[in-house]
Amino acid sequence: MLVVNAFNSIGSGRACRGYTLVQLLTVLILIAVLAGMAIASYRMYVERARVSQAIGELGQLEIAIEQFSTNNDGDLPIALAVLAVADTTDPWGTTYQYVNISLGGAPRTDQAGVAVNTDYDLFSMGQDMSTGLSLTATASEDDIIRGNNGGYLGPVADYSRLP
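Under this note's numbering, the residue at position 61 of the sequence shown is numbered 67, and the numbers go up by one with no gaps.
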């Protein structure tokens, strides 16, 4: 009686013993590379979402400041705390920065040394949670700013490219 072993390789004459160590390691390395790419993409997505959120919140704060100014004979608030806004914390967990230039606050400057705003500065310190008076300072690279007296809201990197 002839018994056929279903586990024999066709034409090899020996039993299949599963995957080799090299094959398993190759699959594990491929999975690790794909997971690394997915995590990096997710982190970039989260950071872009935070920047967009900060831009929107800066716009809302700017509107609140303008309303305060309209209701107070053109005077700007001395601090964000006097505004009727629920939260002044940016997406990275730090307080939005406000400098009333008309009260003697130092204005931030661009790459040419010109003041970014002449009325007030409003900005987020960004992911690194640090800033400098000049937009060209390393600490200011990731800041989200209000520039050109409200004509620009966005990242410092994009503001630097404006004519």
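In this text, a Cβ means the ideal position worked out from N, Cα and C, and glycines have one as well. Computed from a prediction, not measured in an experiment: that's the story for all the values here.
Rank the options by C-alpha distance to the C-alpha of residue i and give the top, closest one.
{"i": "Thr101", "options": "Glu53, Leu27, Ile150 and Leu159", "result": "Ile150"}
{"i": "Arg179", "options": "Val162, Arg152, Thr94 and Gln133", "result": "The question about residue 179 has no answer, for the chain in this structure spans 7 to 169."}
{"i": "Val122", "options": "Tyr158, Thr26, Ile35 and Val33", "result": "Tyr158"}
{"i": "Glu68", "options": "Ser58, Tyr126, Pro161 and Thr137", "result": "Tyr126"}
{"i": "Ile84", "options": "Gln29, Glu53, Ile45 and Leu109", "result": "Leu109"}
{"i": "Asp96", "options": "Leu27, Met43 and Gln66", "result": "Gln66"}
Taking only the alpha-carbon atoms, compute the straight-line gap between residue i and residue j and give it to the nearest angstrom.
{"i": "Met135", "j": "Ala60", "result": "13 Å"}
{"i": "Tyr104", "j": "Ala118", "result": "22 Å"}
{"i": "Thr144", "j": "Asp116", "result": "13 Å"}
{"i": "Ala41", "j": "Arg23", "result": "29 Å"}
{"i": "Thr142", "j": "Pro161", "result": "12 Å"}
{"i": "Leu34", "j": "Glu53", "result": "29 Å"}
{"i": "Arg56", "j": "Ala46", "result": "15 Å"}
{"i": "Ala38", "j": "Val91", "result": "45 Å"}
Once you ignore the five residues that flank residue i on each side, which residues in its own chain have a CB closer than 7 Å to its CB?
{"i": "Asp81", "result": "Ser75"}
{"i": "Met131", "result": "Thr100, Gln103, Thr137 and Asp149"}
Can you list, in chain order, the residues of its chain with a C-beta nearer than 6 Å to that of residue i? Leave out the 5 residues immediately preceding and following it.
{"i": "Asp164", "result": "none"}
{"i": "Thr94", "result": "Leu86, Thr101 and Tyr102"}
{"i": "Ser146", "result": "Thr137, Gly138 and Val162"}
{"i": "Thr26", "result": "none"}
For residue i, report the span of its beta strand (DSSP E) as first-last.
{"i": "Tyr104", "result": "Gln103 to Asn106"}
{"i": "Gly160", "result": "Tyr158 to Pro161"}
{"i": "Gly170", "result": "Because the chain spans 7 through 169 in this model, residue 170 falls outside it and cannot be assessed."}
To which residues of the same chain is residue i closer than 8 Å at the C-beta, ignoring the five residues directly before and after it?
{"i": "Val88", "result": "Phe74"}
{"i": "Thr124", "result": "Ile107, Pro113 and Asn155"}
{"i": "Phe129", "result": "Leu64, Tyr102, Gln103, Arg114, Thr137, Asp149, Ile150, Ile151 and Arg152"}
Counting along the chain, where does the alpha helix (DSSP H) carrying residue i start and finish?
{"i": "Tyr48", "result": "Leu27 to Asn77"}
Looking at residue i and the ligand ADP, is the gap between the Cβ and the nearest heavy atom below 6 Å?
{"i": "Ala145", "result": "By its list of ligands, the structure shown contains no ligand whatsoever, and the ligand ADP lies outside what it can speak to."}
| If you scan the region 100 to 142 from start to end, which runs of the beta strand (DSSP E) of 3 or more residues do you find wholly inside it? | 103 to 106 and 126 to 130
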